[in-house]
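The structure appears below as structure tokens.
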Amino acid sequence: MKVVILAGGFGTRISEESKNIPKPMIAINGVPIIVRIMEIYSKYNFNEFIICAGYKSNVIKDYFVNLDKYQNDIEINCSKNEINFLDKKRNFNKWKIIISDTGFNTGTAGRIKKVKKYLKMDENFMVTYGDGLSNVNLNSLIKFHKNNLSIATLTAVPVPSRFGNLKIKKNLIEDFNEKQTSSFINGGFFVFSKKIFSNISSSRQSLENDILPDLSKKNKLAAYKHNGFWQCMDTLRDKMYIEKISKNGSPPWLK
Numbered sequence: 017m018k019v020v021i022l023a024g025g026f027g028t029r030i031s032e033e034s035k036n037i038p039k040p041m042i043a044i045n046g047v048p049i050i051v052r053i054m055e056i057y058s059k060y061n062f063n064e065f066i067i068c069a070g071y072k073s074n075v076i077k078d079y080f081v082n083l084d085k086y087q088n089d090i091e092i093n094c095s096k097n098e099i100n101f102l103d104k105k106r107n108f109n110k111w112k113i114i115i116s117d118t119g120f121n122t123g124t125a126g127r128i129k130k131v132k133k134y135l136k137m138d139e140n141f142m143v144t145y146g147d148g149l150s151n152v153n154l155n156s157l158i159k160f161h162k163n164n165l166s167i168a169t170l171t172a173v174p175v176p177s178r179f180g181n182l183k184i185k186k187n188l189i190e191d192f193n194e195k196q197t198s199s200f201i202n203g204g205f206f207v208f209s210k211k212i213f214s215n216i217s218s219s220r221q222s223l224e225n226d227i228l229p230d231l232s233k234k235n236k237l238a239a240y241k242h243n244g245f246w247q248c249m250d251t252l253r254d255k256m257y258i259e260k261i262s263k264n265g266s267p268p269w270l271k
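So the sequence shown is numbered by the numbering used here: it starts at 17 and just counts up by one.
Structure representation (structure tokens):
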């Protein structure tokens, strides 16, 4: 099953990092977050990726063309005009990667529509955002999708509020909840049936505002609840947090 990664947005909420590179190329302890995401799928032996690029797509293309060079120590033998990769830190031999420039202002649903030609033989395929990490069990997610016979399944995650909630009545605090938890939200890590393409009519459409709400009204959108690790990288604060929790060499998204 192929994996589509949405990597074409501007990343305006983390502009400190995304001014010169696409958001999915922002490094987490020296490795772009998009590679971290791909390692999650590769753990489950999903090694065929379609990257929907857009903003500064040349940066993504250059990186993956030179993947071994960027990820490993190298030895250059000038007399023989040879380059050898030393002490390989990661094995990318199983990966097959398509990078498609899906446009500068294309919506998230439109980007998926534009790579339909690379998914012709697939009954189902996976999609995720280029800025979110999770230890969701992908095999269970796929099984859940198939059992529900839905057009789309999203991974629903609960996100703790940064601030506690106060319940106030007549100027008095009735309840002080320091660890209030919000309801479930869309955490990405989708599984789509190829029927999704008949629901996307314009390159400007977004999954979040157009397609998913419409599928929900048709009872064709399922939610796979995941209560394990999930973290998006919306802000510089998020990036710093992800780096902090993964410095010990055992990142929670691979547990």
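Ideal Cβ placement from N, Cα and C applies to all residues, glycine included.
Using a Cβ-Cβ distance cut-off of 8 Å, the region 206-216 and the region 109-118 are not in contact, since fewer than three pairs of beta carbons, one from each stretch, lie closer than that value. Here the alpha carbons of Q221 and S58 stand approximately 29 Å from one another. L102 sits close to N88, with the two beta carbons spaced by under 8 Å.
Per the Cβ contact rule, the region 30-43 is not in contact with the region 154-168 (fewer than 3 Cβ pairs under 8 Å). For F160, the three-state secondary structure derived from DSSP is helix. Of the residues E32, F80 and I216, the one whose Cα lies closest to the Cα of I115 is F80. Per DSSP, Y71 lies in no alpha helix (DSSP H) segment and is marked neither H nor E. In this structure, L22 sits near V143, with a CB-CB distance shorter than 8 Å. Under the 10 Å beta carbon count, K263 is surrounded by fewer than 16 other beta carbons and is classified as exposed. With 16 or more other Cβ atoms inside 10 Å of its own Cβ, M54 counts as buried. As a beta-bridge residue in DSSP terms, L237 pairs with A168. Rounded to the nearest angstrom, the Cβ distance from I216 to I90 is 43 Å, too far for a contact under 8 Å. C-alpha of K260 to C-alpha of A168: approximately 34 Å in a straight line.
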